[in-house]
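See below for the structure under consideration.
Residue numbers (this note's numbering): 67 to 151.
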C-alpha cells in the first residue's frame, strides 16, 4: 500500500473509500495539521455516505487551515478526489 496522501488518493480512485478513510485517519493521528489529508478523510467519509461526519471533518479542516487550494484535482467535478459529483 502506498504511503501518505498518494496512497489515500489511490484508494479513493479505486473506490476503496473505507480503507482510504482508515489510512487518512491513521496519518492524521501523526500529522493533525495536514490539510490535504484532512480533506481526503472528509472526501472518503462523504463517498462512503457518512455526510454528517464528512461535514464535521470539513469544519475541523476549516478551523485549522482552510480547504487546500492550488490543487486542480480537488476542484474538478468528476475527479476521483473531488467532493463535487
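Glycine included, every Cβ here is placed at the ideal spot set by N, Cα and C.
### Message
Less than 7 Å between C-beta atoms, sequence neighbours within five positions excluded: which residues of the same chain meet that for residue 108?
### Response
Excluding residues within five positions, the ones whose Cβ falls inside 7 Å are 120, 123, 124 and 127.
### Within 9 Å, strictly: CB atoms of residue 83 and residue 113
It is a contact, given that the beta carbons lie within the stated cut-off.
### Message
Considering only their Cβ atoms, is the gap separating residue 78 from residue 110 smaller than 9 Å?
### Response
A contact, by the Cβ cut-off of 9 Å.
### Task
Counting only the same chain and skipping the five closest in sequence on each side, list residues whose C-beta sits under 7 Å from that of residue 115.
Spatial neighbours of residue 115 in its own chain (CB-CB distance under 7 Å, excluding positions within 5 residues in sequence) are not present.
### Task
State the Cα-Cα distance for the pair residue 87 and residue 75, rounded to the nearest angstrom.
The alpha-carbon atoms of residue 87 and residue 75 are separated by roughly 10 Å.
### Query
Which residue from 80, 71 and 81 puts its Cα closest to that of residue 92?
Selected option, being the one with the closest Cα: 71.
### Query
Of the choices 95, 73 and 96, whose alpha-carbon is the least far from that of residue 85?
Measuring from the Cα of residue 85, the nearest candidate turns out to be 73.
### Task
Inspect the beta-carbon positions of residue 106 and residue 90 and report whether they are closer than 9 Å.
Going by C-beta atoms, residue 106 is nearer than 9 Å to residue 90.
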